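In UniProt numbering, the protein residues as written are 1 to 247.
Ideal Cβ placement from N, Cα and C applies to all residues, glycine included.
Here the structure is a predicted model, which is why all the values come from computation and not from measurement.
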């Protein structure tokens with residue numbers, strides 16, 4: 001066995017369904033997303049549930065920023081999720097999960113059926129979905145969080161931010177405002193941001209303008225408390241001590 005054959009066999013193989021290759025565009029998947037899927041599938045088949053982004057970037061010939069952008073897109077489009085599972089050693093680990101992608105593929109209409117066309121099915125599905133934030137706004141949110149935190153977000157953190165935008169329907173401007181609040185309080189944590197967003201949600205504040213108006217309403221109350229006269233102080237007696245001498 002020559003060296004190339006040995007290396008070729010050691011690299012192993014990755015099994016991919018032809019149905020996905022035939023229909024990936026019909027479920028809204030881009031070519032770049034398909035390439036990332038193939039890379040993730042390769043590592044998942046080897047038991048590596050959460051491969052490092054720099055490894056993916058090297059194999060794809062991209063920079064890590066581009067890898068994260070595509071991962072963000074795939075989570076936002078509900079092509080994949082990140083779940084916590086128990087590995088063979090009994091430890092809890094995060095892993096990429098493509099069950100949502102399989103569900104989308106299962107809804108691809110049979111090309112031989114004259115009653116349902118891909119176009120009408122795609123239109124119906126789009127009509128039923130609430131409008132998602134523009135891709136540029138979404139990317140800006142992720143980039144600002146990573147810049148302020150001084151690090152890249154973990155996959156589970158990426159999913160958290162995506163849930164804010166897609167499931168909780170927080171506006172990008174509101175998430176950015178929560179980030180600013182967290183930074184001002186030196187709390188570089190998504191949990192802290194989540195508490196801020198939940199507090200605003202309870203007050204039915206859904207935009208940055210509404211938050212600003214609420215602050216302006218609260219400002220006079222704070223100033224009133226600040227300007228309240230201090231409680232009367234206890235009387236102060238100044239006792240002078242005289243030296244008594246025998247005259």
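Beta-carbon gap between residue i and residue j smaller than 7 Å
i: residue 82; j: residue 172; result: no
i: residue 94; j: residue 84; result: yes
i: residue 148; j: residue 183; result: yes
i: residue 177; j: residue 208; result: yes
i: residue 196; j: residue 214; result: no
i: residue 24; j: residue 40; result: no
i: residue 60; j: residue 79; result: no
Proximal residues to residue i (C-beta, below 7 Å), its chain only, five neighbours per side dropped
i: residue 157; result: 190
i: residue 12; result: none
i: residue 20; result: 105
i: residue 159; result: 75, 81 and 82
i: residue 203; result: 214
Cβ shell of residue i (< 8 Å), same chain only, five flanking positions each side left out
i: residue 63; result: 57
i: residue 92; result: 84, 85 and 86
i: residue 211; result: 174, 177, 200 and 205
i: residue 38; result: 14 and 16
i: residue 7; result: none
i: residue 192; result: 182 and 185
Inter-residue CB distance, residue i and residue j (contact presumed, cutoff 8 Å)
i: residue 68; j: residue 152; result: 6 Å
Sequence-distant residues of its chain with Cβ nearer than 6 Å to residue i (five each side left out)
i: residue 123; result: Only weak support is given to the placement of residue 123: the predicted model assigns it a pLDDT of 43, under 50, and the question is left unresolved by the model.
i: residue 108; result: 23 and 26
i: residue 51; result: 43
(message) Between the segment 136-150 and the segment 69-85, can you find at least three pairs of beta-carbon atoms closer than 8 Å?
(response) yes
(request) Write down every uninterrupted run of the alpha helix (DSSP H) in the segment 7-79 whose length is 4 residues or greater and which is fully enclosed by it, in chain order. (result) As far as the segment 7-79 is concerned, its whole alpha helix (DSSP H) runs of at least 4 residues are 18-23, 31-45, 53-60 and 64-76.
(request) Pair every Cβ in the segment 42-50 with every Cβ in the segment 19-30, then say whether three or more of these pairs are closer than 8 Å. (result) No: the two stretches stay apart, fewer than three of their Cβ pairs being nearer than 8 Å.
(request) Jot down the residue ranges of each uninterrupted alpha helix (DSSP H) in the UniProt domain "DnaB/C C-terminal" (142-214), minimum 4 residues, whole runs only, in chain order. (result) 155-166, 172-184 and 190-202
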